[in-house]
Amino acid sequence: MKRHLAWIFCLPMLAGGAASTAPPPAASAAASAAASATASAAASAPQAATPGGEREVEAEFIAAMRRIRRGEAEPPDTPELRHFVIYDYLVAARLRRDLGARAGESLDAQIDTFLKARGNAPVTRILRREWLTNLAERARWDWFLPRSAEVTEPELVCYRLAGRLATGDRTGLEAAVLARWLLPQRAPASCGPPFAWLRERAVLTPALAEQRTRAALAAGDVRLGREFALDLPADLAAPLLTWARLLENPRVELAALAVDPGRAVEADALVAGFTRLAYADPEQASQLLPALESRADATGELVGRLRRAAALGAAVSRQPQAVAEFQALPPAFLDAVCEEWRVRAALWQGDFTRAREWLEHMRPELATQPRWRYWRARAVEATSGAEAAAPLYAALAPLRDYYGYLAADRLDKPYELNDHALADDAAEQSSLLADPALLRAHALLNVHETEDAVAEWVVRLAAAKPAVKVQAARIAFGWGWYSQAIVTLAQAGAWDDLALRYPRPYAPEVEAAARLTAVPEDWLYAVMRQESLFNRSAVSRADAIGLMQLQPGTAAAVARRWRFARPSRDVLFEPAVALRLGAAYVRDLLDRYDGRLALALAAYNAGPNAVARWLPAQPLDADVWIENIPYNETRAYVEHILEHIVAFAYVRGAPPPRLATLLPQLARDDDRRTPPDARHARADEGRATTDHGHGRAH
25 MKRHLAWIFC
35 LPMLAGGAAS
45 TAPPPAASAA
55 ASAAASATAS
65 AAASAPQAAT
75 PGGEREVEAE
85 FIAAMRRIRR
95 GEAEPPDTPE
105 LRHFVIYDYL
115 VAARLRRDLG
125 ARAGESLDAQ
135 IDTFLKARGN
145 APVTRILRRE
155 WLTNLAERAR
165 WDWFLPRSAE
175 VTEPELVCYR
185 LAGRLATGDR
195 TGLEAAVLAR
205 WLLPQRAPAS
215 CGPPFAWLRE
225 RAVLTPALAE
235 QRTRAALAAG
245 DVRLGREFAL
255 DLPADLAAPL
265 LTWARLLENP
275 RVELAALAVD
285 PGRAVEADAL
295 VAGFTRLAYA
305 DPEQASQLLP
315 ALESRADATG
325 ELVGRLRRAA
335 ALGAAVSRQP
345 QAVAEFQALP
355 PAFLDAVCEE
365 WRVRAALWQG
375 DFTRAREWLE
385 HMRPELATQP
395 RWRYWRARAV
405 EATSGAEAAA
415 PLYAALAPLR
425 DYYGYLAADR
435 LDKPYELNDH
445 ALADDAAEQS
455 SLLADPALLR
465 AHALLNVHET
475 EDAVAEWVVR
485 LAAAKPAVKV
495 QAARIAFGWG
505 WYSQAIVTLA
515 QAGAWDDLAL
525 RYPRPYAPEV
535 EAAARLTAVP
545 EDWLYAVMRQ
555 ESLFNRSAVS
565 RADAIGLMQL
575 QPGTAAAVAR
585 RWRFARPSRD
595 VLFEPAVALR
605 LGAAYVRDLL
615 DRYDGRLALA
625 LAAYNAGPNA
635 VARWLPAQPL
645 DADVWIENIP
655 YNETRAYVEH
665 ILEHIVAFAY
675 VRGAPPPRLA
685 TLLPQLARDD
695 DRRTPPDARH
705 ARADEGRATT
715 DHGHGRAH
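Rendered as structure tokens:
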């Protein structure tokens with residue numbers, strides 16, 4: 025599927041601007057004049073446009089930025105544009121464009137003046153990086169080196185090493201280059217000269233090359249490991265190439281090791297290959313395990329690691345032998361991941377006695393989580409009766425959380441949404457609204473430069489107190505910038521104002537999509553919130569687009585089935601199109617799974633093919649099935665959307681739906697139809713989700 029910016033609260037990736045192109049001479053001249061005027065423009069502090077002229081100057085800014093990105097000739101800027109609060113972004117865009125057309129000392133001086141005047145302001149971030157790259161490519165080390173001391177991007181770090189080498193700055197250089205060379209990553213081309221220098225100095229010994237190759241293979245990067253192994257003599261490369269083959273084709277390689285116990289293999293390589301096989305084919309892994317354990321070189325440590333892999337592989341694949349595998353696992357190898365997955369395996373098998381025993385011996389940092397408190401209550405209910413479990417459920421039921429709702433259902437108690445409106449501090453909001461960074465963020469938002477708006481917002485509020493962030497979130501909410509409002513509330517630890525956390529934007533489009541597909545509006549809002557946080561410009565790393573995060577291929581397939589016009593990639597950013605297609609896809613999945621919401625949501629995230637593998641052979645409670653979803657991302661996704669559905673109903677004043685109603689029992693015959701096309705999410709099977717957020721994501 026996708027996944028989002030590496031922020032703790034999962035704000036989706038934002039679409040970047042179009043690539044700059046080299047401008048025609050007229051455009052370059054206009055840009056030069058604008059850049060030359062930067063100093064005088066900076067002298068008179070830019071101000072936000074007055075209400076009367078706001079739309080006009082925004083339209084002028086958008087048109088100017090479009091011309092810059094297309095390399096078109098530009099008319100002179102109006103005084104209103106030059107005084108616009110985000111005029112610097114226009115100047116920076118022109119300077120970036122000119123780097124491709126007329127890079128040289130004069131432009132370098134203009135850029136340097138611009139950057140020095142603005143310090144580390146967000147407007148400088150892209151221009152600075154592109155200029156430093158351009159300087160390095162031109163070998164202008166006299167400009168580059170004094171301005172690159174703080175760089176962290178791998179390409180620029182390597183350029184800095186190359187620049188130091190070229191200028192004779194050798195103090196500590198060998199150690200710095202070696203540290204970069206040893207990283208188990210593919211190095212950028214800019215690392216070529218400093219790496220070659222190490223080779224000339226005979227620094228890169230076979231032992232160091234072996235260390236680097238091992239690190240790449242330990243990270244599971246077979247291609248990089250093979251590439252690094254080329255630097256090794258044959259005797260050192262041989263065991264590492266065996267490791268690579270075990271990762272590439274564990275079935276064949278492990279079978280050969282099982283029938284030839286004298287064949288040499290390193291323990292780490294054997295465990296790595298066996299782990300891959302255990303997740304891909306747990307039955308074959310179990311069959312090979314006795315022979316691998318009986319090898320003459322099999323230490324107790326190796327046997328424990330192999331058994332751990334076998335148990336986890338069987339559990340995430342929902343194999344009947346998983347419980348027995350965990351029982352055979354030596355206690356020394358029972359880590360937190362195993363503690364979670366052995367309980368899941370017991371739940372899948374309906375062995376609540378074993379699940380209760382393991383839950384009662386779970387380490388405290390896990391046992392105190394709502395997830396495992398709920399399952400302890402379920403195990404107590406199954407083994408000792410409802411009366412014994414009632415106090416355990418009662419302690420969970422007040423939580424506004426997937427597990428709190430499940431517990432309330434077991435007691436037939438109403439859900440407690442714990443909704444408390446946050447203070448509305450007009451004075452603090454007025455102060456924030458006058459802040460130059462927030463003025464810029466708002467203006468950038470209005471001209472659709474959302475990524476830059478986020479940067480301004482984040483830098484301004486990074487060190488703000490929670491109370492200030494709450495008022496900033498109210499401001500963002502008032503602007504209709506719901507994604508940033510929700511993220512900022514989360515960063516402030518403010519979870520209880522549900523009206524702020526659960527807005528209902530795009531109401532006409534949602535209503536039309538719900539009417540067309542018979543998918544409830546609350547369900548669409550819940551999916552949209554989890555997928556994009558209402559950010560119509562959201563784009564994932566997997567190129568899932570728009571409010572409902574559909575990949576273009578999936579969108580085209582849905583459009584074909586529903587006889588809609590084939591959507592272009594760009595049209596998926598339009599709310600009406602995104603919601604109609606997303607709702608149609610949800611309806612396809614609901615129809616396929618006979619209305620089973622849990623299955624439809626899991627398929628929306630992970631794909632119907634994955635869900636088909638996960639269906640139980642016999643009827644199974646939906647909460648047990650959700651708990652055993654092997655992809656951490658998908659499990660949390662389903663849980664969060666169910667939480668959102670409850671909250672959206674509450675916010676509009678409707679009785680919240682009960683999870684007991686939304687989650688009927690599941691069985692393999694729920695997989696009714698040929699799978700619709702799907703996105704294919706892949707989270708790390710076997711890694712336990714030890715902190716699902718308890719309903720607080722976003």
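Numbering (my numbering), first residue to last: 25 to 722. Even for Gly, the Cβ is constructed at its ideal location relative to N, Cα and C.
Cα-Cα separation between residue i and residue j, rounded to whole angstroms
i: Arg162; j: Val181; result: 16 Å
i: Arg565; j: Glu657; result: 15 Å
i: Gly504; j: Arg402; result: 42 Å
i: Ala315; j: Ala322; result: 10 Å
i: Arg397; j: Leu169; result: 56 Å
i: Pro354; j: Gly328; result: 6 Å
i: Val563; j: Pro178; result: 24 Å
i: Tyr674; j: Tyr439; result: 10 Å
i: Pro576; j: Ala568; result: 7 Å
i: Ala309; j: Leu644; result: 26 Å
i: His212; j: Tyr427; result: With the sequence shown as reference, residue 212 is identified as Pro, and His is not the correct amino acid for it. The alpha-carbon atoms of Pro212 and Tyr427 are separated by roughly 46 Å.
i: Gly517; j: Val670; result: 21 Å
i: Gly286; j: Arg319; result: 8 Å
i: Arg194; j: Leu185; result: 10 Å
i: Gly502; j: Val201; result: 50 Å
i: Ala173; j: Gly187; result: 12 Å
i: Ala538; j: Leu548; result: 8 Å
i: Asp255; j: Leu241; result: 15 Å
i: Val482; j: Ala379; result: 44 Å
i: Arg608; j: Met572; result: According to the sequence provided, residue 608 is Ala. The question's Arg does not apply to it. One C-alpha to the other measures close to 11 Å.
Chain D contact for residue i (CB, 8 Å cutoff)
i: Arg368; result: The structure shown has no chain D; it contains just one protein chain.
CA nearest to the CA of residue i, picked from the options
i: Ala523; options: Glu533, Ile510, Glu535 and Val115; result: Ile510
i: Asn158; options: Tyr655, Arg120, Thr176 and Arg142; result: Arg120
i: Leu151; options: Ala516, Asp132, Glu317 and Leu513; result: Asp132
i: Ser341; options: Asn652, Ala671 and Pro230; result: Asn652
i: Thr191; options: Thr578, Trp167 and Gln209; result: Trp167
i: Asp156; options: Arg682, Thr176 and Pro688; result: The residue you asked about is not Asp; residue 156 is Leu in the sequence shown. When each option's Cα is compared against that of Leu156, the closest is Thr176.
i: Leu462; options: Glu96, Ile110, Arg106 and Arg79; result: Ile110
i: Gly95; options: Pro103, Gly124 and Arg106; result: Gly124
i: Val543; options: Pro415, Leu614, Asp476 and Phe597; result: Leu614
i: Asn273; options: Ala258, Ala293, Asp284 and Asp255; result: Ala293
i: Pro218; options: Ala356, Glu234, Gly196 and Pro230; result: Gly196
i: Ala145; options: Ala465, Phe376 and Arg525; result: Ala465
Residues of its chain near residue i, where Cβ-Cβ distance is below 7 Å and the 5 sequence neighbours each way are ignored
i: Val601; result: Pro591 and Val595
i: Ala253; result: Thr237, Ala261, Leu264 and Leu265
i: Ser64; result: Summary for Ser64: the model assigns pLDDT 36, below 50, so the residue's position carries little reliability, and this model does not support an answer.
i: Ala58; result: The predicted position of Ala58 is uncertain, since its pLDDT is 39 and thus under 50; a value taken from the coordinates is nonetheless stated next. Closer than 7 Å at Cβ, skipping near neighbours: Asp101, Val115 and Arg118.
i: Ala352; result: Arg331
i: Leu469; result: Ala477, Trp503 and Trp505
Cβ-based neighbour list, residue i, same chain, cut-off 8 Å, excluding 5 preceding and 5 following
i: Ala536; result: Ala600, Leu603 and Arg604
i: Gly409; result: none
Beta-carbon separation (whole angstroms), residue i vs residue j, contact threshold 8 Å
i: Gly249; j: Leu264; result: 7 Å
i: Leu430; j: Asp647; result: 6 Å
i: Leu513; j: Val492; result: Not a contact, Cβ separation roughly 12 Å.
i: Glu349; j: Ala338; result: 5 Å
i: Arg91; j: Glu98; result: 5 Å
i: Arg623; j: Val610; result: The identity of residue 623 in the sequence shown is Leu, whereas the question assumes Arg. That belief does not hold up - the Cβ atoms of Leu623 and Val610 are roughly 12 Å apart, past 8 Å.
i: Leu330; j: Val295; result: 6 Å
i: Val147; j: Asp122; result: Not a contact, Cβ separation roughly 16 Å.
i: Leu625; j: Val582; result: That pair is no contact at about 16 Å.
i: Asp433; j: Arg682; result: 6 Å
Beta-carbon proximity list for residue i, same chain, < 6 Å, skipping 5 on both sides
i: His668; result: Ala550 and Arg553
i: Cys215; result: Cys182
i: Leu686; result: Leu621
Which runs of the alpha helix (DSSP H) spanning at least 4 residues fall entirely within the stretch 136-162, listed in chain order?
149-161
Threshold first: 4 residues or longer. Then list the alpha helix (DSSP H) segments lying entirely within the stretch 446-473, N to C.
DSSP runs (the alpha helix (DSSP H)) wholly in the stretch 446-473: 450-457 and 460-470.
Which runs of the alpha helix (DSSP H) fall wholly inside the stretch 193-223 and span at least 4 residues, in chain order?
For the stretch 193-223, the continuous alpha helix (DSSP H) assignments of 4+ residues that do not extend past its boundaries occur at 197-205, in sequence order.
List in chain order: all unbroken beta strand (DSSP E) runs of 3+ residues lying wholly within the stretch 472-526.
Listed in chain order, nothing qualifies, since the stretch 472-526 has no complete beta strand (DSSP E) run of 3 or more residues.
What are the uninterrupted segments assigned as alpha helix (DSSP H) that are 4 or more residues long and contained completely in the stretch 569-646, given in chain order?
576-586, 599-616, 621-630 and 632-638
Which runs of the alpha helix (DSSP H), 4 residues or longer, sit entirely within the stretch 242-288?
Counting whole runs of 4 or more residues, the stretch 242-288 contains the alpha helix (DSSP H) stretches 246-253, 258-272 and 274-283.
Jot down the residue ranges of each uninterrupted alpha helix (DSSP H) in the stretch 91-118, minimum 4 residues, whole runs only, in chain order.
Residue ranges of uninterrupted alpha helix (DSSP H) with 4 or more members, entirely inside the stretch 91-118 and ordered along the chain, are 103-106.
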